[in-house]
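When you line the sequence shown up against mature numbering (1 follows the signal peptide of the UniProt record, and there is no 0), it's residues -16 to -1, 1 to 255, in that order. Inspection log for the structure reproduced underneath, given as C-alpha cells.
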Amino acid sequence: MLHLFIALCFLGFAFADQPDEETIRRAMQNPDLFGGDMMGIEGPDDRNGIPWEMFRWPDAKVPYVIDPSLKDHMDVITQAFNNYHSTTCVRFIPRTNQPDYIRLFAGQGFITRYIKSVIQHVLSTTMSYMYLPTTILTFFYSQVGMTGGQQPVSLGQGCHFKGTVVHELGHALGFYHEQNRSDRDDYLEIFMNNVQKGMESNFAKLAPNQNWLITDFDYESIMIYGNHAFSKDGTSITMKAKNGKPLYDPYKKIGMTASDIKRVNTMYECK
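The structure is reproduced here in C-alpha cells:
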C-alpha cells in the first residue's frame, strides 16, 4: 500500500495543474531546512554573508551542470545567470572537470517530516486518505557558499521564476536571508504568534558580532521573504516593514537590487 501511495504522489506530480500562488510561496518554506531553503544548516548560523574565503568560489567562477529535468526552464535560468554576469564579476560557467560545482535540478521528491507523518497516517487508515497534493513534494533549496564537491540547487515546482532562481544562486554564492540580520528589529516587526509551529527558528536574529553586514538593511533585497513567510495559515502576516513598505517574496522580483549587487561585488572583491 505504501508503494502505491508514493507512486500515486509522483504520478500526480507529473500531471499537476499550474500551481497557485500559495503553492509557489510554500515551495521556498521547507520545514526540514533552515530558512526554508538553506541546506546543511541545523539552526541559526553566524552570518548574513559568509566571511571566510574557504566558502567562496575561487576567482568568482561557479561551475554548473543543469539536469535534463530543467530543460523547459533554460531561459529563466539563463536570465538569472545574466543578472549576476551583467552587474558583478561572478561568472557561472559550464562545468568541464572541476571538482566543486553546483547542480541545478527540479527538486522532486524531497520528502519532509510532514510527508512522513502523512504516510504513517495512511498506513493506519483507509484508502480514502491516499490522495495527497503532490506539489508539497517539491521545493527550492540550496547550500550556502561553496561547500565542496557537487552541491544541489533545487528548483521546485511552480517556482521557475527569475527572482527565485537569483535568490537560490545567492545562497550558493554565500548569502543568507535579510530577515535574520542582527539589526532587523530596527526595520522589521515580527509576529511570532502567526508563525507556523516548528518554524520559529527561521526568524532567529543574529547577535551583532555574529554577522557581516556589508550594506544597510534592504526591504527589497532578493534575499528577503514576503509578509506571509512561514505563516501558520497562509494569510496571517508574520513580518512587517516598520516603514510601511510591503514585503515581497523573491519570485515576485526581477532580480538583485543595487544593495544586493554591492554585497556580491564586495564579497568577491570585484574591481
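Cβ coordinates follow ideal geometry from the N, Cα and C atoms, glycine included.
Alpha-carbon to alpha-carbon, residue j and residue i
i, j, result
"residue 177", "residue 166", "21 Å"
"residue 55", "residue 62", "12 Å"
"residue 157", "residue 186", "20 Å"
"residue 41", "residue 155", "12 Å"
"residue 44", "residue 213", "31 Å"
"residue 65", "residue 249", "15 Å"
"residue 217", "residue 255", "46 Å"
"residue 209", "residue 60", "20 Å"
"residue 38", "residue 91", "27 Å"
"residue 168", "residue 229", "14 Å"
Residue j beta carbon less than 8 Å from that of residue i
i, j, result
"residue 174", "residue 222", "yes"
"residue 252", "residue 231", "no"
"residue 226", "residue 171", "yes"
"residue 189", "residue 164", "yes"
Own chain, CB closer than 7 Å to residue i, minus 5 neighbours either side, in chain order
i, result
"residue 151", "206, 207 and 234"
"residue 192", "166"
"residue 133", "83 and 84"
Residue from the options with nearest C-alpha to residue i
i, options, result
"residue 83", "46, 89 and 73", "46"
"residue 58", "75, 88 and 247", "88"
"residue 76", "236, 183, 153 and 138", "153"
"residue 201", "86, 71 and 247", "247"
"residue 51", "197, 239 and 135", "135"
"residue 240", "215, 128 and 148", "148"
"residue 162", "199, 126, 139 and 140", "199"
Assigned exposure category for residue i - 16 Cβ within 10 Å defines buried
i, result
"residue 80", "exposed"
"residue 245", "buried"
"residue 146", "buried"
"residue 108", "Per-residue confidence for residue 108 stands at a pLDDT of 47, beneath the threshold of 50, marking its modelled position as unreliable; the derived number appears in the next sentence. Classification of residue 108: exposed, given that the 10 Å Cβ count is below 16."
"residue 86", "buried"
"residue 53", "exposed"
"residue 69", "exposed"
Minimum Cβ-Cβ distance from residue i to chain D less than 8 Å
i, result
"residue 186", "You won't find chain D in this structure, because it holds only one protein chain."
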